[in-house]
Structure formats: structure tokens, C-alpha cells
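Asks:
Residue numbers (the UniProt record's numbering): 1 to 66.
(1) Roughly how many whole angstroms lie between the Cα atoms of residue 13 and residue 54?
(2) Output the residue ranges of the alpha helix (DSSP H) runs that lie fully inside the UniProt domain "Helix-turn-helix" (5 to 59) and measure 4 residues or longer, sorted by chain position.
(3) Have a look at residue 28 and residue 35 and give me their C-alpha separation to the nearest angstrom.
(4) With C-beta atoms as the reference, is residue 6 less than 8 Å away from residue 37?
(5) Pick out whichever of 57, 45, 24, 62 has its Cα sitting closest to the Cα of residue 4.
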């Protein structure tokens, strides 16, 4: 497993969010936020690659926004 994985707390800190936001996104209908892997009822992880791709889909380029 050479890829970087983040816990809920690590990703929340990286994104400047409260961990409860990520938890809420995982239970929202429809699901929100980056893709995740639920390892158990208490442990969820996020792939750095998935997070990067998710962030890119949320990017707004001011030069093309109208």
C-alpha cells in the first residue's frame, strides 16, 4: 500500500474542516465529499488520489466562470 491514506481527522485538518463535516457527508443522501473506504464501524480512510481528484472537480477557474 504505497499510496497515502488519510483518517477522517487527518483529512479534516488538511481541508480546514471539522471532522463532523466529513462524517455528515458520508451519511448524506446523496453521498457527498470525497470517496472513502469504511474499514469498520469506527474507522474510515480516504485515498490521497481520490481526495485530489475530488478537489479538482470542485475547482472554479475565475477566468472561465461567468
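A virtual CB, placed ideally from N, CA and C, is assigned to each residue, including glycine. Since the model is a prediction, treat every value here as computed from it, not as a measurement.
Replies: Let me spell this out:
(1) 16 Å
(2) 8 to 15, 19 to 27, 48 to 57
(3) 13 Å
(4) no
(5) 45
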